[in-house]
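Participant: All residue numbers for the sequence shown refer to the numbering used here, where the first residue is 9 and numbers rise by one.
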Amino acid sequence: MKILNMSQGAVLGLHAVMCLSKSDGQPVTTQEAAELLKVSPAHLSKIFQRLGKAGLVKALRGPSGGYLLQKAPSAIRLRDVFEALEGPFPMNRCLLSRPRCAWDKCMLGTMLQDVHQIVARQFEKRLSDL
């Protein structure tokens, strides 16, 4: 079992917005980003579309087109990107994904809660912080 398990789409989305945040305001084509990230342009295109629907990126058409961030890097949290692609940020406190354990307290103590808090803090970082 992996302790931290994110979909490939979420990981790709996080890297893609980082790529856009480092582009100095210049549009980045799907092909350019795909080559940089060494991924399928078709898969990346779907990720950009979903990020566009969430208002995080915008597409520019035409010969000098591509994708840009819709907001300033200081206004986009990693959590925003994750939730645009995966839905609400998970805060499970049980490895069995149950709301309440069969015992009064978890056999792992506060470890899961502590790990979730650490991860949640990291996802509150803004693109401009990275």
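Note that CB positions come from ideal geometry on N, CA and C, so glycine has one too.
Bear in mind that the values here come from a model prediction, so they are computed numbers and not experimental data.
According to the neighbour-count rule (16 or more other Cβ atoms, all chains shown, within 10 Å of its Cβ), is alanine 92 buried or exposed?
Facilitator: buried
Participant: Which of helix, strand or coil does DSSP assign to glutamine 130?
Facilitator: helix
Participant: Mapping the DSSP letters down to three states, classify valine 47 as helix, strand or coil.
Facilitator: Residue state for valine 47 is assigned as coil, using DSSP reduced to three classes.
Participant: Applying the 10 Å Cβ sphere with the 16-neighbour rule, what's the burial state of serine 136?
Facilitator: Flag for serine 136 reads exposed.
Participant: Report, in whole angstroms, the separation of the C-beta atoms of glutamate 132 and arginine 85, which I expect to be a contact under 8 Å.
Facilitator: 6 Å
Participant: Can you check which of these residues, Leu44, Ser82 and Glu94, is closest to glutamine 16 by C-alpha distance?
Facilitator: With distances taken between Cα atoms, glutamine 16 lies closest to Glu94.
Participant: Who are the near neighbours of histidine 23 in its chain, counting only those whose CB is closer than 8 Å to its CB and skipping five residues on each side?
Facilitator: Taken in chain order, the residues that qualify are Leu45.
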